[in-house]
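J.:
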């Protein structure tokens, strides 16, 4: 039990690290000259590349850093959902001859649908609005390899001073978030209605 508490604390740790600090940490780790990953580990594995200087590697690096930073929140949502499922359901399924795979498919997954919906919705909105982590790590580069809408909007507003286009990009981001949320909500409600019939 104590070991599970420690493991939970370690998994949740990235959640309390501000995105700016996480971005600087990852930028340092992936630095091709002095970073542990970029200068020592990757070359030691035979991969001669600077992760933040090559477009594809930079994109992968940013995705890995973002997943590391945001996964704990998903973990907490799923953990809370799992802990709210009554044990009686699993016992009843076992008495009916269900194996662990059947338990997962026919007990756990249907009862976690609401949590999955909330988690994916939060992740969609968060992914579209991510700014600090990517800006600190790559500033949208090299070239435009890691430039997302939020960084494009910032550049448009504060480097090119085109506030009208930056505002339009903000509206586009809002429309994407709302459209994604509406589609997901409609799908969720449709499945919920079908399950109730």
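Residue numbers (the working numbering): 120 to 316.
By construction, the Cβ of each residue, glycine as well, lies at the ideal position given by its N, Cα and C atoms.
Give the range of the alpha helix (DSSP H) segment to which residue 202 is assigned.
T.: Here the alpha helix (DSSP H) through residue 202 covers 174 to 202.
J.: Let's see if you can read the secondary structure: which residues bound the alpha helix (DSSP H) around residue 146?
T.: Its alpha helix (DSSP H) spans residues 138 to 148.
J.: Which residues mark the beginning and the end of the alpha helix (DSSP H) in which residue 219 is found?
T.: Run containing residue 219: 219 to 222, per the alpha helix (DSSP H) assignment.
J.: According to DSSP, is residue 231 helix, strand or coil?
T.: In the structure shown, residue 231 sits in coil (DSSP, three-state: anything other than H, G, I, E or B).
J.: Which residue's Cα is closest to the Cα of residue 182: 160, 215 and 141?
T.: Checking every option, the nearest Cα to that of residue 182 belongs to 141.
J.: To the nearest angstrom, how far is it from the Cα of residue 159 to the Cα of residue 293?
T.: Looking at the two C-alpha atoms, the distance is approximately 42 angstroms.
J.: Rounded to whole angstroms, what is the Cα-Cα separation between residue 260 and residue 248?
T.: Near 17 angstroms, if we compare the C-alpha coordinates of residue 248 and residue 260.
J.: If you drop the 5 nearest sequence neighbours on each side, which residues of the same chain put their C-beta closer than 7 angstroms to that of residue 263?
T.: Within the same chain, residue 263 has no close Cβ partners at all.
J.: For my contact list, residue 171 and residue 180 are in at a C-beta cut-off of 8 angstroms; report their separation, rounded to the angstrom.
T.: With a Cβ gap of about 6 angstroms, residue 171 and residue 180 count as contacting.
J.: Below 7 angstroms CB to CB, which residues in the same chain sit around residue 266 once its five sequence neighbours on both sides are set aside?
T.: For residue 266, where only same-chain residues beyond five positions count, the Cβ hits under 7 angstroms are 259.
J.: For the region 282 to 297 against the region 227 to 234, do three or more pairs of beta-carbon atoms, one drawn from each stretch, fall closer than 8 angstroms, so that the two count as touching?
T.: Taking 8 angstroms as the limit for Cβ pairs, the verdict is that the region 227 to 234 does not touch the region 282 to 297.
J.: From residue 306 to residue 299, what distance separates their C-alpha atoms?
T.: About 11 angstroms.
J.: Over the uninterrupted alpha helix (DSSP H) stretch that includes residue 207, give me the two end residues.
T.: Run containing residue 207: 206 to 214, per the alpha helix (DSSP H) assignment.
J.: Applying the criterion that 16 or more other CB atoms from any shown protein chain within 10 Å of the CB defines a buried residue, is residue 275 buried or exposed?
T.: So residue 275 counts as buried.
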